[in-house]
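> I have a structure I would like to understand better, so I am pasting it below and will then ask my questions one at a time.
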Amino acid sequence: MMFAAAVTVLKSSASRVFFAGTPHPNCIAACSLVRTLSPSVSRFSVRSMADSAASSSPFKKIQIQREDTVISAIYFVLNFDDFFYGVEAYSDARMSKLLGCAFIPMLCTLMSNALGPSRIVYSLYGTLKSEVFDAYVVGKEDAPGIVVLQEWWGVDFEIKNHALKISQFSPGFKALIPDLYRGKVGLDVAEAQHLMSGLDWQGAVKDIRASVNWLKENGSKKVGVTGFCMGGALSIASSVLVPGVDAVVGFYGIPSSELADPAQAKAPVQAHFGELDNFVGFSDVTAAKSLEEKLKAAGIPHEVHIYPGNAHAFMNRSTEGVKRRKGMGLPDNDEATVELAWSRFQSWMTRYLSA
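Residue numbers (my numbering): 369 to 723.
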């Protein structure tokens, strides 16, 4: 049985008291989200390209923990096994005593058949520590960092190829790919679209923030963000929403106005689009020009490049990437354009991350 509970935090000068109550609509929504993301109930491919690679893979798998602050209430959805791990790892003695008082029997009953690896754990102090997610790192240890954000497919060979290439650019970068889909990879357009539609975009921004912080805490004095398609939109959103981002390069993706207004960007933005891109409002020429106008009017350092004869996903050069693009009715990529875009990327990131 899925367990979902709303725990209300009542603050007083003497103590903080937790009450278990009727599931809140927000909690039910959280359960639905975790169920959507849980590999055990998904029809999507659950695989990590880095995990399945040979032992000689240059990528190092790490785990990053996101932290969200909750003031008045905490909602949680826990895996039965992870619950006890969470208490041991994250809770203090007072929380353990609290949970020992008639609370654990209830949890044991209700959580006996709970969810998969996605977990949310909580502490006595009103801080929700959530979504421990996988990420993949490659490159020089103390080099400037670049968070590399996936397309709507997930963390697949294509985004790994991009991250590896980025790590090899002079003067050297450390690339980090956060797994926004928690291990899922869409194998066709319908699956990818479903995964992207189900993405918690605000949660993805929190993943990016945690990734930026991890890089800065692990040797990277400056950190940029880049992404492709869905990741391109998120990279531009990060220039608005994520403190500490020093530069952004987005490829064929613009965030919705509900998520972020590019005119509020706090980091220099470079963006790349194909002239034939037909994803209206997301990456077509009209949207690209509108983005450029907003950045210019706001006085934000920027470059917006539109490549004639190219469509969406023109940076993907792998055999499988070309096949997928053709399956979507998109033209072949132009290798000269790809190299030009990469050279502009390298120049931009070097300028803002190496100073």
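We put the CB at the ideal spot given by N, CA and C, even for glycine. Nothing here was measured: the structure is a model prediction, and the numbers come from that model.
Going by alpha carbons, who is nearest to P546 out of K589, D502 and W520?
Residue 546 sits at position 178 when you count from the first residue of the sequence shown. With distances taken between Cα atoms, P546 lies closest to D502.
> Take L563 as the anchor and find which of Q570, Q714 and V553 has the nearest alpha-carbon.
As a position in the sequence shown, residue 563 is number 195, starting the count at 1. Nearest option by C-alpha distance: V553.
> From what residue to what residue does the alpha helix (DSSP H) around A549 run?
In the sequence shown, residue 549 corresponds to position 181, counting from 1. For the record, residue 549 in the displayed sequence is Tyr; it is not Ala. From DSSP, Y549 is part of no alpha helix (DSSP H); its letter is neither H nor E.
> For E526, count neighbouring C-beta atoms within 10 Å of its own C-beta (all shown protein chains included) and say buried if the count is 16 or more, exposed if not.
In the sequence shown, counting from the first residue as 1, residue 526 sits at position 158. E526 is buried by the Cβ-count criterion.
> Please state the DSSP three-state secondary structure of I576.
For the purposes of this step, residue 576 is taken as residue 208 along the sequence shown, with counting starting at 1. DSSP places I576 in helix when its eight states are reduced to three.
> Using three-state DSSP, classify Y720 as helix, strand or coil.
Walking along the sequence shown from the start, residue 720 turns up at place 352. The answer is helix: DSSP assigns Y720 an H, G or I state.
> A643 and V653: beta carbons closer than 8 Å?
As a first step, residue 643 must be located in the sequence shown, where it is residue number 275. As a first step, residue 653 must be located in the sequence shown, where it is residue number 285. Checking the displayed sequence, the identity of residue 643 turns out to be Glu instead of Ala. Cβ distance < 8 Å, so E643 and V653 count as in contact.
> In the structure shown, what three-state DSSP assignment does L555 receive?
Locating residue 555 in the sequence shown gives position 187, counting from the first residue. The answer is coil: DSSP assigns L555 none of H, G, I, E or B.
> Ignore the nearest five residues each way along the sequence and tell me which others in L663's own chain have a CB closer than 8 Å to its CB.
Here residue 663 refers to the residue found at position 295 when the sequence shown is read from its first residue. Excluding sequence neighbours, L663 sits near P630, A631, A633, V637, H670 and V672.
> Does the distance from the CB of A639 to the CB of L659 come in under 8 Å?
Looking up residue 639 in the sequence shown gives position 271. Looking up residue 659 in the sequence shown gives position 291. Cβ atoms of A639 and L659: closer than 8 Å.
> For S625, does the count of other Cβ atoms within 10 angstroms reach 16, so buried, or fall short, so exposed?
Translated into positions along the sequence shown, residue 625 becomes position 257. Exposed, by the Cβ-count rule.
> Identify which residue in G507, Q433 and R550 has its Cα closest to the Cα of S425.
On the sequence shown, residue 425 is found 57 positions in, with the first residue counted as 1. Among G507, Q433 and R550, the Cα nearest to that of S425 belongs to G507.
> Going along the chain, which unbroken runs of the beta strand (DSSP E) with 3 or more residues stay wholly within the stretch 494 to 530?
As far as the stretch 494 to 530 is concerned, its whole beta strand (DSSP E) runs of at least 3 residues are 495 to 507 and 513 to 517.
> Pull the bridge partners of V637 from the DSSP assignment, please.
What you label residue 637 is simply residue 269 of the sequence shown in a count that begins at 1. V616 and H670.
> Thinking C-alpha only, which one of K528, D614, W521 and F537 is nearest V557?
The residue given as residue 557 occupies position 189 in the sequence shown. Selected option, being the one with the closest Cα: W521.
> Please return the same chain residues whose Cβ sits closer than 6 Å to the Cβ of A679, not counting the five positions on each side in sequence.
Residue numbering aside, residue 679 sits at position 311 when the sequence shown is read from its first letter. Hits under 6 Å: G642, L644, D645, L698 and P699.
> Can the beta-carbon of Y504 be found less than 8 Å from the beta-carbon of K429?
For the purposes of this step, residue 504 is taken as the residue at position 136 of the sequence shown. For the purposes of this step, residue 429 is taken as the residue at position 61 of the sequence shown. Result yes, Cβ atoms of Y504 and K429 sit closer than 8 Å.
> Ignore the nearest five residues each way along the sequence and tell me which others in V616's own chain have a CB closer than 8 Å to its CB.
The residue labelled residue 616 in the question sits at position 248 within the sequence shown. So the list reads G592, V593, T594, S603, I604, S606, S607, A633, A635, P636, V637 and Q638, once near-sequence residues are dropped.
> What three-state label does DSSP hand E626 in the structure shown?
Along the sequence shown, one-based indexing puts residue 626 at 258. Note: E626 maps to coil in three-state DSSP.
> When the Cα atoms are used, what is the spatial distance from A655 to G571?
Numbered from 1 along the sequence shown, position 287 holds the residue referred to as residue 655. Numbered from 1 along the sequence shown, position 203 holds the residue referred to as residue 571. Roughly 24 Å between the two C-alpha positions.
> Grouping DSSP H, G and I as helix and E and B as strand, with all else coil, what is K662?
What you label residue 662 is simply residue 294 of the sequence shown in a count that begins at 1. Helix, per DSSP.
> Between A511 and S588, which are expected to be in contact by the criterion C-beta below 8 Å, what is the C-beta distance as a whole number of angstroms?
By one-based count along the sequence shown, residue 511 stands at place 143. By one-based count along the sequence shown, residue 588 stands at place 220. That belief holds up - the Cβ atoms of A511 and S588 are roughly 7 Å apart, short of 8 Å.
> K590: which of F596, G599 and V580 sits nearest, CA to CA?
Counting from one through the sequence shown, the residue named residue 590 turns up at place 222. Of the candidates F596, G599 and V580, the one whose C-alpha sits nearest the C-alpha of K590 is V580.
> Pick helix, strand or coil for K694, following the three-state DSSP scheme.
Taking the sequence shown and counting its residues from 1, the one referred to as residue 694 is at position 326. Helix.
> In chain order, what residues of the same chain lie with their CB nearer than 7 Å to the CB of M696, ignoring the 5 residues before and after it?
Taking the sequence shown and counting its residues from 1, one reaches residue 696 at position 328. Around M696: V557.
> Is P623 buried or exposed, if buried means 16 or more other CB atoms sit within 10 Å of its CB?
To locate residue 623, count along the sequence shown from 1; it is residue 255. So P623 counts as buried.
> Just curious, the alpha helix (DSSP H) that V608 is in, first and last residue?
Here residue 608 refers to the residue found at position 240 of the sequence shown. Note, V608: alpha helix (DSSP H), M598 to L609.
> How many whole angstroms separate the CB atoms of M598 and G621, which I take to be in contact at a CB cut-off of 8 Å?
Indexing the sequence shown from 1 puts residue 598 at position 230. Indexing the sequence shown from 1 puts residue 621 at position 253. M598 to G621, Cβ: 6 Å. Contact.
> Measuring alpha carbon to alpha carbon, tell me which of Q536, S651 and Q431 ends up nearest F596.
Indexing the sequence shown from 1 puts residue 596 at position 228. Among Q536, S651 and Q431, the Cα nearest to that of F596 is on S651.
> Of all the options I514, D524 and P611, which has the alpha carbon lying nearest to the alpha carbon of S535?
The residue labelled residue 535 in the question sits at position 167 within the sequence shown. Selected option, being the one with the closest Cα: I514.
> Exposed or buried, which one is R719 when buried takes at least 16 other CB atoms within 10 Å?
Along the sequence shown, read from residue 1 onward, the residue named residue 719 stands at position 351. Label assigned to R719: exposed.
> How many angstroms separate the CA atom of V648 from the CA atom of I432?
Residue mapping note: residue 648 aligns to position 280 of the sequence shown, counting from 1. Residue mapping note: residue 432 aligns to position 64 of the sequence shown, counting from 1. V648 and I432: Cα-Cα distance of roughly 34 Å.
> Using a 10 Å radius around the Cβ and a threshold of 16 neighbouring Cβ atoms, would you call E559 buried or exposed?
Here the question's residue 559 lines up with position 191 in the sequence shown. Its Cβ being crowded by 16 or more others within 10 Å, E559 is buried.
> Assuming the contact rule is C-beta atoms closer than 8 Å, R692 and V706 should be a hit. Round their C-beta distance to whole Å, please.
Locating residue 692 in the sequence shown gives position 324, counting from the first residue. Locating residue 706 in the sequence shown gives position 338, counting from the first residue. At roughly 16 Å, the Cβ-Cβ gap does not stay under 8 Å, so R692 and V706 are not in contact.
> Which same chain residues end up closer than 6 Å to E499 when comparing Cβ atoms and leaving out the 5 residues on each side of it in sequence?
Locating residue 499 in the sequence shown gives position 131, where the first residue counts as 1. Counting only Cβ-Cβ distances below 6 Å, and skipping sequence neighbours, we find R434.
> Among residues of its own chain, excluding the 5 on either side of R315, which ones have a beta-carbon nearer than 6 Å to its beta-carbon?
Residue coverage of the chain in this structure runs from 369 to 723, which leaves residue 315 outside it and unanswerable.
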